[in-house]
Amino acid sequence: MKKILLSLSIISLMGLQSCSREYLDVNENPNQAYNDQLTPRERLAAAETGIFATQAVTVNRFGNLMMNAWAGNTYYFASPFDDEFKFNLSSTFYNGIWDNYYRGIGNFQRIIDTPNAATAYPNHVAIARVLKTYYMQTIVDLYGNAPYTDAFKFQANVTPKYDSDKSIYKALLVDINTAINQLKLNSGTTLVANEDPILAGNLSGWLQVAYTVKLRLLVRMSKTTDAEMIALRDAELATMSTLSTANYITTDVTINPGYGTGSTAQQNPLYNAYGYLDLSSQDIKQNYRLIMASDHIIKDMSGQSARTSGVVDSRRGRMFYPNVWSAIYGNAPTTSGFFGIQQGSVKDYTRLEEDFAGLGQKNFVVSLATGSAQPGIFFSAAESKFLQSEAAVVFPSLSALSAQTRFNEGVAASFAYNGVAIGSYLTLIDSKPGVGWTASTDKVAAIQYQRWIALTNINPVETYFGYSKTGYPVTPLPLNNNSTRRPYRLIYPQSEYVANSANVPTMSKNDAFVINGFTPFWMK
Numbered sequence: 011m012k013k014i015l016l017s018l019s020i021i022s023l024m025g026l027q028s029c030s031r032e033y034l035d036v037n038e039n040p041n042q043a044y045n046d047q048l049t050p051r052e053r054l055a056a057a058e059t060g061i062f063a064t065q066a067v068t069v070n071r072f073g074n075l076m077m078n079a080w081a082g083n084t085y086y087f088a089s090p091f092d093d094e095f096k097f098n099l100s101s102t103f104y105n106g107i108w109d110n111y112y113r114g115i116g117n118f119q120r121i122i123d124t125p126n127a128a129t130a131y132p133n134h135v136a137i138a139r140v141l142k143t144y145y146m147q148t149i150v151d152l153y154g155n156a157p158y159t160d161a162f163k164f165q166a167n168v169t170p171k172y173d174s175d176k177s178i179y180k181a182l183l184v185d186i187n188t189a190i191n192q193l194k195l196n197s198g199t200t201l202v203a204n205e206d207p208i209l210a211g212n213l214s215g216w217l218q219v220a221y222t223v224k225l226r227l228l229v230r231m232s233k234t235t236d237a238e239m240i241a242l243r244d245a246e247l248a249t250m251s252t253l254s255t256a257n258y259i260t261t262d263v264t265i266n267p268g269y270g271t272g273s274t275a276q277q278n279p280l281y282n283a284y285g286y287l288d289l290s291s292q293d294i295k296q297n298y299r300l301i302m303a304s305d306h307i308i309k310d311m312s313g314q315s316a317r318t319s320g321v322v323d324s325r326r327g328r329m330f331y332p333n334v335w336s337a338i339y340g341n342a343p344t345t346s347g348f349f350g351i352q353q354g355s356v357k358d359y360t361r362l363e364e365d366f367a368g369l370g371q372k373n374f375v376v377s378l379a380t381g382s383a384q385p386g387i388f389f390s391a392a393e394s395k396f397l398q399s400e401a402a403v404v405f406p407s408l409s410a411l412s413a414q415t416r417f418n419e420g421v422a423a424s425f426a427y428n429g430v431a432i433g434s435y436l437t438l439i440d441s442k443p444g445v446g447w448t449a450s451t452d453k454v455a456a457i458q459y460q461r462w463i464a465l466t467n468i469n470p471v472e473t474y475f476g477y478s479k480t481g482y483p484v485t486p487l488p489l490n491n492n493s494t495r496r497p498y499r500l501i502y503p504q505s506e507y508v509a510n511s512a513n514v515p516t517m518s519k520n521d522a523f524v525i526n527g528f529t530p531f532w533m534k
């Protein structure tokens, strides 16, 4: 673990990513010679671990707040998540996603560009291509046009031009196909387990990830009206039509480079950010106290909304903790049970902090030792199953994936991940439009609802992208929000307006809320 963390620190300091101001120093870098000597063997673990921390923390928080699963604890904090609930988009709003993802993607590109790596380290390069595609897609889906062709030349080009989102998607499909072809060989340089904290060098597992990532690219384009991209999409779908469900992710794909309690840097990043106890003080973490379950998700999971009426979802008790501050401090609540806070609401003086549900015992309310050491969820089985189900619905050529079967498996995988029995849940929801299969005229509505529940707390940005494309699941806006909808995209970060001003597009906040030239192509 110490070796991995040391490598991560070195690569993070020497990444020289051109899309962030801190990496634009033109003075000679005394560490560059050492950095250039690092091999893919020495880079891969740190590259995987470093970027995942942003996925687990910043991107996770963004998705949970945008999809109305998390709310702020107004009983202890003043105006929590005010910018998120008012959609106060700016060049500093979640700019860490762009800066940290570009830094991390740059680390994968360094592996790919290592001299002779394609022959000396072909499998390391293939994995780097898969991960570069995985994370670069998120950049495009959040921002549209972005630096790509020139983005990873580091000091050779510190002001990269912007490529169209369509051209980046094309390039990502080339990258993922190249990775698939190498991984299918299942030969070449052997990966030692500690070089790959995601799959410990299991190339068959990486092939499943690669096919699943490719499917995600194609499904994202399911509603595009761009003739060129439709033709490309359909041509690529033809290469996928003979694949079986065994070719895609079948179990949770996790990451664990040796998480533990040695230091905060060694902790599982999700627990370090939002877990119950602080490692240094052994006291309750303020970030844990900051987040409450939203009224919206609690009512849906408690069978108290119109679409779930009477159906209690037992995942609720693992994802959220009822009357959490009553349980922690022993103070009596005004009402016992599961209650959430409405996003954007003000403090209700007839209620107590002890009345509401906080983050639950699956990932957050566990001991320091358990929470710190738990693996991170890179790509869940449930996400893979719902992706396959949607593909079977929207693409006739992939109907052999059996949409309803994959839907049922996705729900079952989510229950299994949360450690609760599924019982008769599938039968109970089957008559619920937009929640269960049979009653849903639009099957994507049911897939999106179940994706929302399954990915809350672990990877909800994928639900957000699906929501932007389909409008499902129907989700209320925060109270006192002046917008009529959620943003379609984010605004380019401050680092670009400072350091790459000649190339970064100038856009207004309003541009993020309408379909226009700034909107990612797959939404129009």
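For what it's worth, this note's numbering labels the leading residue of the sequence shown as 11, then goes sequentially. For glycine and all other residues, C-beta sits at the position ideal for the given N, C-alpha and C.
For residue 92, is the classification buried or exposed, using 16 other Cβ atoms within 10 angstroms of its Cβ as the cut-off for buried? Here residue 92 refers to the residue found at position 82 when the sequence shown is read from its first residue. In this structure residue 92 is exposed. Its beta-carbon is surrounded by fewer than 16 other beta-carbon atoms within 10 angstroms.
To the nearest angstrom, report how far apart residue 424 and residue 350 are at their CA atoms. Translated into positions along the sequence shown, residue 424 becomes position 414. Translated into positions along the sequence shown, residue 350 becomes position 340. Residue 424 and residue 350: Cα-Cα distance of roughly 21 Å.
Evaluate residue 525 with the Cβ neighbour count: other Cβ atoms within 10 Å of its Cβ, from every protein chain shown; 16 or more gives buried, anything less gives exposed. Locating residue 525 in the sequence shown gives position 515, counting from the first residue. It is exposed - the Cβ of residue 525 has fewer than 16 other Cβ atoms within 10 Å.
What does residue 173 pair with, by DSSP beta-bridge criteria? The count along the sequence shown starts at 1 and reaches residue 173 at position 163. The partner list for residue 173 (beta bridge, DSSP) reads 156.
Closest Cα partner of residue 81 within the set 365, 353 and 467: Residue mapping note: residue 81 aligns to position 71 of the sequence shown, counting from 1. Nearest option by C-alpha distance: 353.
Please classify residue 384 as buried or exposed, where buried requires at least 16 other C-beta atoms within 10 Å of its C-beta. To locate residue 384, count along the sequence shown from 1; it is residue 374. Residue 384 counts as buried, since at least 16 other C-beta atoms from the protein chains shown sit within 10 angstroms of its C-beta.
Going residue by residue through the stretch 163-213, where are the continuous alpha helix (DSSP H) segments of at least 4 residues, counting only ones entirely within it? With a minimum length of 4 residues, the continuous alpha helix (DSSP H) runs that stay inside the stretch 163-213 are 175-195.
Would you check if the distance between the CB atom of residue 398 and the CB atom of residue 258 is smaller than 7 Å? Position 388 of the sequence shown, counted from the start, is the residue given in the question as residue 398. Position 248 of the sequence shown, counted from the start, is the residue given in the question as residue 258. Contact flag set, yes.
Quick one: what does DSSP say residue 304 is sitting in, helix, strand or coil? Taking the sequence shown and counting its residues from 1, the one referred to as residue 304 is at position 294. Residue 304 falls in the strand class under three-state DSSP.
Please determine, among 436, 174 and 159, the residue with the shortest C-alpha to C-alpha distance to residue 417. By 1-based counting over the sequence shown, the position of residue 417 is 407. Ranking 436, 174 and 159 by Cα distance to residue 417 puts 436 first.
Output yes or no for whether 7 Å exceeds the beta carbon distance between residue 76 and residue 474. Counting from one through the sequence shown, the residue named residue 76 turns up at place 66. Counting from one through the sequence shown, the residue named residue 474 turns up at place 464. A contact, by the Cβ cut-off of 7 Å.
I think residue 153 touches residue 500, with their Cβ atoms under 8 Å apart; what is that distance to the nearest whole Å? Position 143 of the sequence shown holds residue 153. Position 490 of the sequence shown holds residue 500. With 8 Å as the limit, residue 153 and residue 500 qualify as a contact, their Cβ atoms being about 6 Å apart.
Counting only runs that start and end within the stretch 474-520, where is the alpha helix (DSSP H) found for 4 or more residues in a row? Under the rule that a run must span 4 or more residues, the alpha helix (DSSP H) segments found entirely inside the stretch 474-520 read 504-509.
Short Cβ contact (7 Å threshold) for residue 149 with residue 111: In the sequence shown, counting from the first residue as 1, residue 149 sits at position 139. In the sequence shown, counting from the first residue as 1, residue 111 sits at position 101. Taking 7 Å as the Cβ cut-off, residue 149 and residue 111 qualify as a contacting pair.
Taking the alpha-carbon positions, what's the residue 34 to residue 184 distance? Taking the sequence shown and counting its residues from 1, one reaches residue 34 at position 24. Taking the sequence shown and counting its residues from 1, one reaches residue 184 at position 174. The predicted model places residue 34 with a pLDDT of 33, which falls under 50 and marks its position as unreliable, so this point remains unresolved.
How long is the line joining the alpha carbons of residue 40 and residue 128, rounded to whole angstroms? Working through the sequence shown from its first residue, we reach residue 40 at position 30. Working through the sequence shown from its first residue, we reach residue 128 at position 118. Note that residue 40 scores a pLDDT of 48, beneath 50, so its modelled location is shaky; the value from the coordinates is reported in the next line. Cα atoms of residue 40 and residue 128: separation of roughly 28 Å, rounded to the nearest angstrom.
Measuring CA to CA, which of 105, 266 and 239 is closest to residue 210? The residue given as residue 210 occupies position 200 in the sequence shown. The candidate whose alpha carbon is nearest that of residue 210 is 266.
Three-state secondary structure (DSSP) of residue 354: Numbered from 1 along the sequence shown, position 344 holds the residue referred to as residue 354. Residue 354: coil per DSSP, three-state reduction.
Cβ neighbours of residue 483 in the same chain (closer than 6 Å, five flanking residues each side left out): Residue mapping note: residue 483 aligns to position 473 of the sequence shown, counting from 1. Excluding positions up to five away in sequence, the list reads 458, 459 and 462.
Applying the 10 Å Cβ sphere with the 16-neighbour rule, what's the burial state of residue 16? Counting from 1 along the sequence shown, the entry for residue 16 is found at position 6. Interpretation of residue 16 is limited by its pLDDT of 37, a score under 50 that renders its predicted location unreliable; no figure is taken from the coordinates.
Could you tell me whether the stretch 384-393 touches the stretch 289-301, where touching means 3 or more Cβ pairs closer than 8 Å? Two segments are said to touch when three or more pairs of C-beta atoms, one from each, lie closer than 8 Å; by this definition the stretch 384-393 does not touch the stretch 289-301.
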